[in-house]
Amino acid sequence: MSRRRIGFWYRLAAAIAKPPLIVLFKRDWRGMENIPAEGGFLTAVNHNSYLDPLLYAHFQYNTGRLPRFLAKAALFKPFFVGAVMRGTGQIPVVRATADAAAAYRSAVEAVNNGECVAFYPEGTLTRDPDLWPMVGKTGIARVALLTGAPVIPIAQWGANEFLPPYAKKPSFLPRKTHRVLVGTPVDLSAWEGKDPTAEVLREVTGAIMADVKQLLAEVRGIPAPDGLYDPRKADKADKEAGGKDGNGAKGAGDTGAGTAGDNGDNGLAADVPGGDNGKGAA
Numbered sequence: 001m002s003r004r005r006i007g008f009w010y011r012l013a014a015a016i017a018k019p020p021l022i023v024l025f026k027r028d029w030r031g032m033e034n035i036p037a038e039g040g041f042l043t044a045v046n047h048n049s050y051l052d053p054l055l056y057a058h059f060q061y062n063t064g065r066l067p068r069f070l071a072k073a074a075l076f077k078p079f080f081v082g083a084v085m086r087g088t089g090q091i092p093v094v095r096a097t098a099d100a101a102a103a104y105r106s107a108v109e110a111v112n113n114g115e116c117v118a119f120y121p122e123g124t125l126t127r128d129p130d131l132w133p134m135v136g137k138t139g140i141a142r143v144a145l146l147t148g149a150p151v152i153p154i155a156q157w158g159a160n161e162f163l164p165p166y167a168k169k170p171s172f173l174p175r176k177t178h179r180v181l182v183g184t185p186v187d188l189s190a191w192e193g194k195d196p197t198a199e200v201l202r203e204v205t206g207a208i209m210a211d212v213k214q215l216l217a218e219v220r221g222i223p224a225p226d227g228l229y230d231p232r233k234a235d236k237a238d239k240e241a242g243g244k245d246g247n248g249a250k251g252a253g254d255t256g257a258g259t260a261g262d263n264g265d266n267g268l269a270a271d272v273p274g275g276d277n278g279k280g281a282a
């Protein structure tokens, strides 16, 4: 299938966003050849700054393959921003409503029509104290299994040095470098043809996030830790510790600005309806 054309709204968004990004950030973009030239595909990207989506869109715009994000429906309400969101084909997600299923269908349809759907599987800014990826949500796994489309793992780093997680003030100097490393498609052959049960979806998501983590280790030039940070387990441990000492301390890396399933930080959704048990993915 042919690639999606770069239309008016995407060109307008690029004309507004690219000049300041070029001024503020140097670029170290590697692996662009791993972005499919044709056909539908998914990308899985780590998330450690409010600016990630803007910088990532800048990167992928330059590959010629336009990403479609699943985004919080509230972002479509402001007049100009909403017009840009709709004009660039972003997919609105109305959480905890019957309309949420429409986002899932739209994502599958977009991939089947030869487009790219970009996921931040963590669903929010990472809460890992050292900014490694967290356990992912399973929406990307379900779409991948249903469509058979390749999942391209991508690591990015640098936006967090300009605007750290949950920070309100940027650090302009010295000029930061936006680093992107695109990997080869995640090997999902072990799950090919299997029913998307809760266990299968978690395994597929784990494989995707493991590849993203290893790419990020290469970008950062340091070894990746074993496993993935699980905010739910961290919250449970904090509650248990709080019950014992009466303090109820926050989890490591948690600023109170978002929970594991909260996409309020930038409005990007990691999950789509129809998850592990038909009531939403884990």
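UniProt numbering puts the first residue of the sequence shown at 1, with every later residue one more than the last. Beta carbons are placed, not taken as given, at the ideal position from N, Cα and C, and that holds for glycine.
Would residue i be called buried (16 or more neighbouring beta carbons within 10 Å of its own) or exposed?
{"i": "Asn160", "result": "buried"}
{"i": "Asp276", "result": "Because the pLDDT of Asp276 is 42, which lies under 50, any placement of that residue in the model is unreliable, and the number read from its coordinates should be weighed accordingly. The residue is buried, with at least 16 neighbouring Cβ atoms inside 10 Å."}
{"i": "Ala155", "result": "buried"}
{"i": "Arg65", "result": "buried"}
{"i": "Val23", "result": "exposed"}
{"i": "Thr177", "result": "exposed"}
{"i": "Ser106", "result": "buried"}
{"i": "Ile16", "result": "exposed"}
{"i": "Gly242", "result": "exposed"}
{"i": "Val81", "result": "exposed"}
{"i": "Thr88", "result": "buried"}
{"i": "Pro78", "result": "exposed"}
{"i": "Ala281", "result": "Below a pLDDT of 50, predicted positions are generally treated as unreliable, and Ala281, at 37, falls in that range; no measurement from the model is reported."}
{"i": "Pro19", "result": "exposed"}
{"i": "Phe25", "result": "buried"}
{"i": "Phe59", "result": "buried"}
{"i": "Gly193", "result": "exposed"}
{"i": "Phe76", "result": "buried"}
{"i": "Phe172", "result": "exposed"}
{"i": "Phe8", "result": "exposed"}
{"i": "Arg11", "result": "exposed"}
{"i": "Ala234", "result": "buried"}
{"i": "Gly253", "result": "Residue placement at Gly253 is poorly supported in this model, since its pLDDT is 39, which falls under 50; the coordinates still yield a value, given next. Buried, since its Cβ has 16 or more Cβ neighbours within 10 Å."}
{"i": "Ala198", "result": "exposed"}
{"i": "Gly136", "result": "buried"}
{"i": "Ala57", "result": "buried"}
{"i": "Gly274", "result": "Because Gly274 carries a pLDDT of 44, less than 50, the predicted location of this residue cannot be relied on, and the following value inherits that uncertainty. That one is buried."}
Bridge partners of residue i, per DSSP?
{"i": "Leu181", "result": "Arg30 and Ala155"}
{"i": "Tyr229", "result": "Met134"}
{"i": "Arg68", "result": "Val117"}
{"i": "Phe80", "result": "Bridge partners of Phe80: none, in fact."}
{"i": "Leu173", "result": "Paired residue(s): none; Leu173 is not in a bridge."}
{"i": "Thr43", "result": "Ala118 and Ile152"}
{"i": "Pro165", "result": "In DSSP, Pro165 forms no bridge with anything."}
{"i": "Ile91", "result": "Leu70"}
{"i": "Phe25", "result": "Lys176"}
Inspect the beta-carbon positions of residue i and residue j and report whether they are closer than 8 Å.
{"i": "Pro225", "j": "Trp157", "result": "no"}
{"i": "Ala207", "j": "Val186", "result": "yes"}
{"i": "Leu201", "j": "Thr138", "result": "yes"}
{"i": "Ala118", "j": "Val45", "result": "yes"}
{"i": "Leu228", "j": "Met85", "result": "no"}
{"i": "Pro53", "j": "Arg127", "result": "no"}
{"i": "Pro174", "j": "Ser49", "result": "no"}
{"i": "Gly183", "j": "Asn34", "result": "yes"}
{"i": "Val204", "j": "Leu146", "result": "no"}
{"i": "Leu70", "j": "Ala102", "result": "no"}
{"i": "Ala144", "j": "Leu188", "result": "yes"}
{"i": "Leu55", "j": "Leu21", "result": "yes"}
Can you round the beta-carbon distance between residue i and residue j to whole angstroms, since I take them to be within the 8 Å contact cut?
{"i": "Pro121", "j": "Ile91", "result": "Pro121 to Ile91, Cβ: 15 Å. No contact."}
{"i": "Pro129", "j": "Val212", "result": "That belief does not hold up - the Cβ atoms of Pro129 and Val212 are roughly 18 Å apart, past 8 Å."}
{"i": "Gly114", "j": "Gly31", "result": "Between Gly31 and Gly114 the Cβ distance is about 21 Å, and since that is not below 8 Å, they are no contact."}
{"i": "Val151", "j": "Leu181", "result": "Val151 to Leu181, Cβ: 15 Å. No contact."}
{"i": "Pro67", "j": "Arg142", "result": "Not a contact, Cβ separation roughly 19 Å."}
{"i": "Val93", "j": "Ala73", "result": "6 Å"}
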